[in-house]
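Counted from 1, the sequence shown has number 484 at position 484 by the numbering used here; the numbering is strictly sequential. Remarks on the structure that follows.
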Amino acid sequence: MEESRHADRRRRERNRARADEPTRQHECWHTRLPGYVAYRKPNCHWRCIMNDSGSNALTSRSAHMVEHLLSLRFDRLPEPLVREARIRLLDGFGCGIYGALMPWGRITAEVVYDEQSQGPATIYGNRKPAAAARAALANGTATHGIELDDISPGAHVHPGAVVIPAALATAERCEVSGAQLLLGVIAGYEAMTRVGRAIGEAGWGFHITGVAGPVGAAVASGVVQGFSVDKMLRAIGIACSSASGIKSFTQGSGGMIKRMHAGRAAESGVIACALAERGFTAPLAALDGKFGLLEVFGGDQSRPDELDKALGENYAISRVWTKVYPCCGVLHTTAQALHALRLQNGLEPEAIGNVRVGTNKRAIALNGEIAPKETMAAQYSMPFTAAVALTRDPRDPRHYTGEALDDPEVCDLARRVELYADAEMEAMYPRYGTRAEVILKDGRKFDTRLLDAHGTPADPCSEDEAQDKFRCLAGVAIGRDAIDTIVSLVSGIDKLASVGPLSESLRDGSKTQ
């Protein structure tokens, strides 16, 4: 009898303790698995509940984010947001069309076609369609192929090179409207940016575009298809296992692989959704749960709250950096400041003696290559970019390719560029400011300082500038009539009942097969 009373008391105490836990409504079977206690830390950002129907569900910051993104309705989006999405689409197409002509763009497309990939999806620069996932691979690789695709500041990701190829390929396969395509692009940008921010600085040994990209691509593809929350979470779970991308390309050789980080991310997201659609399972907490993407790549420096902080406010796609210079974003203020200094003062290359560039310590460590031997290395080199800015037009991608890498005037000046850690630039990191001084052979000195490059949210490009950039890039590969058609279709894409005409325009007028 006494034992029974003690048992009843212990049971009541357990029930009261459970009632005091606002994050757990009922005890699920897996809360009793070994190691579950590790998930129940006071600052834990997810919870396990059993809903009223008795089925297990997982509510987390990632689920909150997904619920919000899947609730978006195109007719409720503010016009400035839609306009920015159209600009992103055009910018991505321009980068992809140009990048398709580069060796890495051509090789990837050739591999896709050698596989006899069959499907309805467009590959930039080619008239023959391919399977959706493979088209996303080729287009993502091409778009990221000239270092002119957009950046989400603070997240350190290139969303356009991943999200747009995934959304377009899915839209073509599912034959959806232009509005649905834009909705997928907006959602994909948001997800990829939030994941990039949530990973934090600990993950920067990895190429964050390749880590956060599969999630952004999966969200874009899933939104285009109209996925449910559960299906979307499973697709994200699948995509998280594709997160990858090491930064060995910064060491001076083999730089083509950086381009494919975006392509593989786009492909992974499309495949993840195709698998989830057919019932393939994956952990619902693969993003922000135990051993999830944030914990594995971000560790103690991850910031899970970035996943659902201020949802619905200041969408990521409205705060994107439109790149003006075909080089690493860290170098843009240097390129812009030195080019302006040269033009304003009529500096002649042969008169320049030495150049000093003040930047942050991380840029010195990662971007200090003096004599790059291939395109990727040149696009990551601050000395080379400084020399290009003082002798050529740094907006032209051709100055980073082919014979331009051995341009004697540029290479000679690059050897005379000194990098140093500037206290102000170090303090403002992760903004990429620069302080530069040009010392002429006759002893005269010219100095400049720039904190934010043109194209960043602090100094954004206009819609006309973005359109001019598209026309310049696309004009290398397609005819004027095709360019005008693409611009017109993108300008009114939300009125298209089907993305079919857009697909046709991206294939027509191609100078490649």
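Glycine residues also receive a C-beta, built at the ideal position from the N, C-alpha and C atoms. Keep in mind it's a predicted model, so treat the numbers as computed, not measured.
Cut-off 6 Å between Cβ atoms - residues of its own chain near residue i, not counting five sequence neighbours on either side
i	result
L502	L489
G368	L419
P165	A136, N139, G140, A266
R449	R435
K495	none
A497	S177
D442	none
R538	Residue 538 lies beyond the residue range present for the chain, which begins at 1 and ends at 513; the question has no answer from this structure.
L506	T122
A453	H332, T333, Q336
I486	S505
M256	W104
A541	Residue coverage of the chain in this structure runs from 1 to 513, which leaves residue 541 outside it and unanswerable.
E295	none
K231	A276
Residue i: first and last residue of the uninterrupted alpha helix (DSSP H) it sits in
i	result
R362	361-366
V410	408-414
I164	160-174
P430	No alpha helix (DSSP H) contains P430, which DSSP labels as neither H nor E.
G184	178-199
L405	Run containing L405: none; DSSP gives neither H nor E here.
S491	480-491
L473	463-474
G500	500-507
Same chain, Cβ closer than 8 Å to residue i, five either side skipped, listed in chain order
i	result
A38	Bear in mind that the predicted position of A38 carries a pLDDT of just 34, short of 50, making it unreliable; the figure below should be weighed with that in mind. Around A38: K290.
S241	A282, A286
L233	L58, S62, A63, V66, L284
N345	F446
G54	Legend: pLDDT at G54 = 34, less than 50; position of this residue unreliable, value from coordinates given subsequently. Nothing meets the Cβ criterion.
L182	F74, V82, A85, R86, L89, I493, D494
K373	G252, S253, L405
G396	The sequence shown places Asp at residue 396, not Gly. Hits under 8 Å: P326.
Own chain residues within Cβ distance below 7 Å of residue i, not counting five before or after
i	result
I107	none
G245	F206, H207, T209, G210, V211, H261
H158	H144, D149, D150, I151, T209, A262
V163	V185, G188, Y189, M192, G216, A217, A220
D422	G358, T359, R435
D508	A482
M425	G358, T359, N360, G433, T434, R435
R259	W104, T141, H144, G145
H339	A389, P394
L69	A187, E190, A191, V219, V223
P42	Annotation note: pLDDT 37 at P42 (below 50); position unreliable, no value reported.
R471	I483
Distance cut-off 8 Å: residue i Cβ against heavy atoms of the ligand FAD
i	result
I123	Of ligands this structure carries none, so the ligand FAD is not represented either.
Limits of the beta strand (DSSP E) - the one that residue i falls within
i	result
R127	R127 -> no beta strand (DSSP E), and no H or E assigned at all.
V66	Unbroken run through V66 is the alpha helix (DSSP H), 61-70; no beta strand (DSSP E).
I439	434-440
Y514	Lying outside 1 to 513, the shown extent of the chain, residue 514 is not represented and no answer is given.
R449	445-450
Residue i versus the options, residue with shortest Cα-Cα distance
i	options	result
A363	G433, E374, L341	G433
A531	T334, D75, Q116, E147	Here the chain comprises residues numbered 1 to 513, so residue 531 is not present and cannot be evaluated.
G178	G125, G92, K231, G492	G492
S381	P430, G252, D75, I439	G252
G154	T375, R319, P129	R319
G94	A130, V324, G226, A109	V324
W321	P383, Q180, E437, E147	E147
G119	N126, G92, V223, R173	R173
D468	A458, D459, P457, R480	R480
S71	P214, G196, V229, G96	V229
K96	S248, R197, L168	Checking the sequence shown, residue 96 turns out to be Gly, not Lys. It is L168.
E437	C472, P383, P457, M428	P383
T456	K247, G292, V330, Q225	V330
R398	M376, D412, L413	M376
Practice task
Write down every uninterrupted run of the alpha helix (DSSP H) in the segment 321-387 whose length is 4 residues or greater and which is fully enclosed by it, in chain order.
Solution key: 332-345, 361-366, 375-379
Problem - Ordered list of alpha helix (DSSP H) runs contained in the segment 78-107, each at least 4 residues - result: 79-99
Problem - Completely contained alpha helix (DSSP H) runs for the segment 217-277, where each covers 4 or more residues - result: 229-240, 256-277
Problem - Meets three-Cβ-pair contact criterion under 8 Å: the segment 311-324 and the segment 345-356 - result: no
Exercise for the section: Determine contact between the segment 268-276 and the segment 374-392, defined as no fewer than three beta-carbon pairs at a distance below 8 Å. Expected result: no
Exercise for the section: Would you mind listing the beta strand (DSSP E) stretches within the segment 276-317 that are 3+ residues and don't spill past its ends, in chain order? Expected result: none
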